[in-house]
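Going by the UniProt record's numbering, 157 is the number at position 157 of the sequence shown; the sequence numbering is gapless.
Just so it is clear, CB atoms sit at the ideal spot from N, CA and C, and this is done for glycine as well.
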Amino acid sequence: MADRSRDDAVLVIGLGRFGSSMASALDRMGHEVLAVERDPDLVQEWSGRLTHVVEADATNGDALAQLGAQDFSVAVVGIGTSLEASVLTTSTLVDMGVPQIWAKAITPSHGRILTRLGAHHVVYPEADAGERVAHLVGGRLLDFIEFDDGFAIVKMRPPRETQGFTLGQSKVREKYGVTVVGVKSPGEDFHYAQPDTRVREQDVLIVSGRTSLIEKFAGRP
């Protein structure tokens, strides 16, 4: 059983695509993970791949209590196929006083219900993935992370107008309102950007700013 006394112990409920991906990533990162799933086939599939997997119905408050769900500081509700199961499980965790509850939502209305119940973080994996991929399809952006307030950090190829010039010379911030945080050249270490940092064609830029301004900057030839 996971060591719930550790601050990084995480309870993951539901081993569908989202939950299993979350559990395996957390496990690789060194977190103590207890995965709970009611489908015996999924339990069997993941038992050899995760350290702690338990077959149980998370909509049953007594079952969660027996597993010690109330002792975890973080819980992830990865149930997406059943709105009722998602709501019941989240509600039970809220009643138990779990400090951080992350819950997967399929639709905005589902998300609003989870928020009203008391989930601290509601995520929309399908929508978020679609938004992220849409930004990457254009070609210049290599990675894209957007925050709730319309702020983003991206990894991108440099536009032609910056190539061969220092950041002070190309005046990216003055022209586009975005900040080049760092520059990574092939075979070299990452460097935080300075006005005298020179950008080359093969470099990768780390850029931060408002999403709309980054999109404009990334759209430059």
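In its chain, beyond the 5 residues on either side, no residue has a beta carbon closer than 6 Å to the beta carbon of Glu215. By the neighbour-count criterion, in which a residue is buried when 16 or more other Cβ atoms sit within 10 angstroms of its Cβ, Ala129 is exposed. In the structure shown, the three-state DSSP call for Met29 is coil.
Counting along the chain, the unbroken alpha helix (DSSP H) around Thr89 starts and ends at Leu83 to Met96.
Between the segment 131 to 138 and the segment 104 to 117 there are fewer than three inter-stretch CB-CB distances shorter than 8 Å, so the stretches are not counted as touching. In the DSSP assignment, Thr115 falls within the alpha helix (DSSP H) that extends over Pro108 to Leu117. Between the C-alpha atoms of Phe165 and Ser212 there is a straight-line separation of about 24 Å. Rounded to the nearest angstrom, the gap between the Cα atoms of Ala119 and Ser185 is 42 Å. Within the model, the alpha-carbon separation for Ser47 versus Phe72 is close to 21 Å. Residue ranges of uninterrupted beta strand (DSSP E) with 3 or more members, entirely inside the segment 178 to 211 and ordered along the chain, are 179 to 184 and 204 to 210.
Residue nearest to Tyr176 within the set Thr162, Val183 and Gly187 is Thr162 (criterion: CA-CA distance).
Taking Thr92 as the centre and dropping the five residues before and after it, the same chain places the C-beta of Gly61 and Leu64 closer than 7 Å to its C-beta, in chain order. Look at Thr166 here: in three-state DSSP terms it is strand. Using a Cβ distance threshold of 8 Å, Gln70 and Met96 count as a contacting pair.
By the neighbour-count definition (other C-beta atoms within 10 Å, threshold 16), Arg49 is an exposed residue.
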